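Single-structure report; data block below.
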Amino acid sequence: MQYNITLMGAIAGDSPYHIENIEKLLTLPQVALEHGQVFTGRPHTRLHIDDHNILKIRAELHFDEKSALRWVAQAIEKERVLNIHFPTKTWFVAAPQEDGEALIGSICPLLKPLHSLLNNPTQSSSEAVDWLEKIWRMYFNVATIHNLRLDEGLSNFGLAKDGQIYYLDDDVYNWDCFLSAAQALGVYLRGLPWLTEESCAELGGCLRELILKFFGQQYFTVLAELIRNVFIPETKIHLLNALVNTLMRGQAKTRSEPPKNSQRFIALLADVHSNLPALECVLTYLRNENITEGVVLGDVVGYGPHPVQCIERLQNSGLVILKGNHDHGLATGEFTKGFSKTAQWALNWNMTQVNAEHRQWLENLPPMLLNDQWLAVHGSPIDPLFFYAYVYEMTYERNLDTLENRKISLCFHGHTHLPGMYGRITGVSDQFYVQETLDLTRFSHSLVCPGSIGQPRNRQLGAQFAIFDRTENKIHFKCLDYPIDKTIRDMEANNFPHTLVNMLKP
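Numbering (my numbering), first residue to last: 34 to 539.
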């Protein structure tokens, strides 16, 4: 078929290509795309290659000439803003001389796909880590500036003759706060043949510097926890540890191990908020019921009068402790924004009670926990830091959508202080459920809050928590009486605001 070709321009500057270059490449045989080979891609992508250039046809796009020209103009504008492709990459539209759909394509110099280089067992590790550092620098830069992510597959990045790395794919995606990044790093650890503990430590150091530059040190833990929950075979665990330990250098010497899921029952505690009598009551119940596995869904401190006692009691509890926004605020001293006046007052008072070791322990708490059965956070799945945003009437549908998109059926969260569950049943409207026992088997996706141990907000006095029955897939909500007068007396003795004190009264 004969085409009328329109060159639409290069990403940066003047294009070195002419219509004759396009016509010549289109006459060459189409290159087969195969997984694991030098050239990979989607089945609908057509590639034509000579010794110097590569031409890509987006065969899945079906437009007439006018629509194709408009689509390409938008693509060029987007890529000029992103500034991640080879500067002379040139888009074109090839319209058939007779009626029919136009072809949309691009041409650029032939770069070396990174997967073909990095899957070489004899590849120099220092050179390879340098290439990976350039990939992640580009990746994080796009994330912070545009809130977008690149396709992390190594075949989507190419090495130019001058040593620069460029993005080869045309598509970008919504930023997902390191979820896909962690999966990509897991692919490295499982498959790159030249990786050693030393090179993994070097890569971890590069990631640490880049995250500090683009995001801030609070995100070290976010990425580390996500990587730890990626499947890594036992023979590669030493590589995982080398990468994560360097990434977290000076941040977290130890971490809580996730529940082994070996018991039938898992305790769900949240929002202790420095209320020792309430916490002791719940821990005594768990001990009497012989329930030793559980998760504390954040906010050990804040609001109440016993921050030190609650920290030290939970340090020795054997439970997994996640970080809440009050824990983060007390650890960092940053609680002037995003907190009510009474919350700020309580954190200021809590600050006078704890020492540097207590604050460091709070800082080192992981913000989320993900395994093959459920996700646990303090705040919500849609929150990049997992401990600020709420699951409530205005956000629960987005949070359920997030679970569905990530193929996570169950999420435990705190932060709202309201026991109950937002559940999704296929073909039925999403709803909030409040029952003493909830059967999860009929829900495709669930957001479960056990309520608050230290400061319930549903007009029910007592220490609230929940028990997850793994065998029957049920949630049992609990509320226990405890010596609440002891907590109130301690608050009043330390001149806590009446607003906080009254929240514990009938």
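Heads up, the beta-carbon is just placed ideally off N, CA and C, and yes, glycines get one too. Note that the structure is a prediction, hence the values are computed from the model and not measured.
Does DSSP classify Ala422 as helix, strand or coil?
coil
Where does Lys99 fall in DSSP's three states?
helix
Can you check whether the CB of His411 is closer than 8 Å to the CB of Asp332?
yes
So if DSSP puts Arg457 in a beta bridge, which residue, or which two residues, is it bridged to?
Looking at the DSSP assignment, Arg457 forms a beta bridge with His478.
What residues in its chain sit with their C-beta under 7 Å from that of Lys145, if we drop five residues either side in the sequence?
Gly191, Leu192
Buried or exposed, going by whether 16 or more other CB atoms sit within 10 Å of the CB of Val461?
exposed
Where His448 and Val305 are concerned, what is the direct C-alpha to C-alpha distance, given to the nearest angstrom?
C-alpha of His448 to C-alpha of Val305: approximately 10 Å in a straight line.
Cβ-heavy atom distance, Val329 to the ligand ADP, below 7 Å:
Although the ligand ADP was asked about, the structure shown includes no ligands whatsoever.
Which same chain residues end up closer than 7 Å to Ser213 when comparing Cβ atoms and leaving out the 5 residues on each side of it in sequence?
By the criterion of a C-beta distance shorter than 7 Å, Ser213 is surrounded in its chain by Arg182, Glu185, once the five residues flanking it on both sides are discounted.
Where do the ends of the beta strand (DSSP E) carrying Phe501 lie?
496 to 502
Check whether Pro4 and Gly484 have beta carbons under 8 Å apart
Coverage of the chain is limited to positions 34 through 539, which leaves residue 4 absent and any answer about it impossible.
Every unbroken beta strand (DSSP E) within the segment 186 to 255, with a cutoff of 3 residues, ordered by chain
190 to 192, 198 to 200
Determine which residues share a DSSP beta bridge with Leu408 and list them.
Leu403, Cys444
Would you identify the three-state DSSP class for Arg288, choosing helix, strand or coil?
Below a pLDDT of 50, predicted positions are generally treated as unreliable, and Arg288, at 41, falls in that range; the measurement from the model is reported next regardless. Coil, per DSSP.
When you compare only the Cα positions, how much space is there between Thr532 and Ala161?
58 Å
Nearest candidate by alpha-carbon position, reference Ile90, set Asp84, Pro414, Arg79, Glu98
Arg79
Can you check whether the CB of Gly219 is closer than 8 Å to the CB of Ile260?
yes
Taking the DSSP output, what are the residues bridged to Tyr36?
Pro129
Do Arg241 and Thr279 count as a contact pair if the criterion is CB distance below 8 Å?
yes
Can the beta-carbon of Val328 be found less than 8 Å from the beta-carbon of Leu347?
no
For Tyr318, report the span of its alpha helix (DSSP H) as first-last.
309 to 321
DSSP three-state label for Tyr429, please.
helix
Where Pro146 sits in the DSSP three-state scheme:
In the displayed model, Pro146 falls within a strand according to three-state DSSP.
Which residues mark the beginning and the end of the alpha helix (DSSP H) in which Gln342 is found?
340 to 348
Pick from Glu131, Thr459, Gln250, His118 that is closest to Ala45, judged by C-alpha positions:
His118
From the DSSP secondary-structure annotation, give me the bridge partner or partners of Asn86.
DSSP lists Pro142 as partners of Asn86.
First and last residue of the alpha helix (DSSP H) that includes Gln386?
Boundaries of the alpha helix (DSSP H) harbouring Gln386: 374 to 386, taken from the DSSP string.
Three or more beta-carbon pairs under 8 Å between the segment 306 to 313 and the segment 504 to 511, yes or no?
no
Please confirm whether Ile299 and Glu258 have their CB atoms less than 8 Å apart.
No, they are not a contact pair.
Same chain only: Cβ atoms within 7 Å of Asn262, ignoring 5 sequence neighbours per side
Counting only Cβ-Cβ distances below 7 Å, and skipping sequence neighbours, we find Leu403, Asn404.
Between the alpha carbons of Asp195 and Lys167, how many angstroms are there, rounded?
13 Å
Ordered along the chain, which non-local residues of its own chain (more than five positions away) have a Cβ less than 7 Å from that of Leu143?
Ile82, His85, Asn86, Ile87
Anyone know if the C-beta pair for Asn358 and Tyr421 falls short of 8 Å?
For Asn358 and Tyr421, yes; Cβs fall inside 8 Å.
Quick check: the segment 49 to 61 against the segment 106 to 116, are at least 3 beta-carbon pairs closer than 8 Å?
no
What residues match up with Arg91 in a beta bridge as DSSP calls it?
Thr78
Roughly how many angstroms separate the alpha carbons of Tyr336 and Glu426, rounded to a whole number?
24 Å
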